[in-house]
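Numbering (the working numbering), first residue to last: 3 to 305.
One structure below.
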């Protein structure tokens, strides 16, 4: 009767009575689980975490004990208690390593470690997700974050393979521009300028957000300069300069490099326009001073 009363809205009191008065009842474990779940649904996350802990500690043989341990971690995460969430998920792997929820827990831990800059531990968990459930929704995010983890660990060759694999599996998705940009950056660092140019052009074609578009255009200009493509470099720098964020550092760098190229070509009017842009929008006093001085010299030449 207590169990049936506990199924109604606000039935936590009846369920708590059941657990207290009949702890060995076949209903007790489920009642305790429902108490925790009701609190979770009410956004009482810390209270819910405590109640889920009681499920695991008092009823370790309960059929949904693994789910209780998982939801304990989720409750702590929802309460922004990352340390407790991490501990709950780590305990899950110790006690419920064969659970069907294991892959989800691995993914949650991977994201936690990534946020803590524990990139090796993050990569280990993301790799486990990919091995166990390669076709799941989590696999997509895991592959992307695995590639980022390897980049941040300095393993650029492995990261490039992962980013390329991501492109092959998920062509044209919402991360297309970022993935192509990462590949372009890796190729540029390795001195593979032609490959970097191809990747950066692909990144631009994918429609990146405004700030990333400016950076990609600037980097594309640099790579084209390195290959001797002056006109292509100027075109890329002009794309970066067209960005609406006037003080963006990559925009200003693109303008500074284009000014130098225009001067080399003795196109002093274009160079002067670039220096004036720097004078108006740069926040670095030294850069403004340098641009001002060079602009004065060019004005004298043009007179």
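Even glycine gets a Cβ: it sits at the ideal position worked out from N, Cα and C.
{"Query": "With 16 other CB atoms within 10 Å as the buried threshold, where does residue 122 fall?", "Result": "exposed"}
{"Query": "Would the stretch 248-256 and the stretch 205-224 be scored as touching if the rule is three or more Cβ pairs under 8 Å?", "Result": "yes"}
{"Query": "Looking at C-alpha atoms only, which residue of 261, 47, 228 and 68 is the closest neighbour of residue 243?", "Result": "261"}
{"Query": "Is the distance from the Cβ of residue 91 to the Cβ of residue 73 below 8 Å?", "Result": "no"}
{"Query": "Out of 276, 26, 68 and 48, which one is the CA nearest neighbour of residue 80?", "Result": "48"}
{"Query": "Could you pull the start and end residues of the alpha helix (DSSP H) that residue 113 belongs to?", "Result": "104-117"}
{"Query": "Report yes or no: do three or more beta-carbon pairs, one from the stretch 123-135 and one from the stretch 166-174, lie closer than 8 Å?", "Result": "no"}
{"Query": "Among the residues of its own chain, which have a CB less than 6 Å from the CB of residue 64, if the five just before and after it don't count?", "Result": "31"}
{"Query": "Where does residue 183 fall in DSSP's three states?", "Result": "helix"}
{"Query": "DSSP three-state call for residue 84: helix, strand or coil?", "Result": "helix"}
{"Query": "Would you say residue 256 and residue 219 are within 8 Å of each other, going by their C-beta atoms?", "Result": "yes"}
{"Query": "Beta-carbon within less than 6 Å of residue 264's beta-carbon, same chain only, minus the 5 sequence neighbours each way: which residues are those?", "Result": "272 and 273"}
{"Query": "When the Cα of residue 181 is compared with those of 68, 161, 100 and 93, which residue comes out closest?", "Result": "161"}
{"Query": "So which of 230, 283 and 277 has the shortest CA-CA distance to residue 299?", "Result": "277"}
{"Query": "Does residue 260 come out as helix, strand or coil in the three-state DSSP assignment?", "Result": "helix"}
{"Query": "Between 208, 231 and 165, which has its C-alpha nearest residue 189's C-alpha?", "Result": "165"}
{"Query": "Residue 31 lies in the alpha helix (DSSP H); which residues open and close that run?", "Result": "30-43"}
{"Query": "Distance, Cα to Cα, residue 200 vs residue 36?", "Result": "56 Å"}
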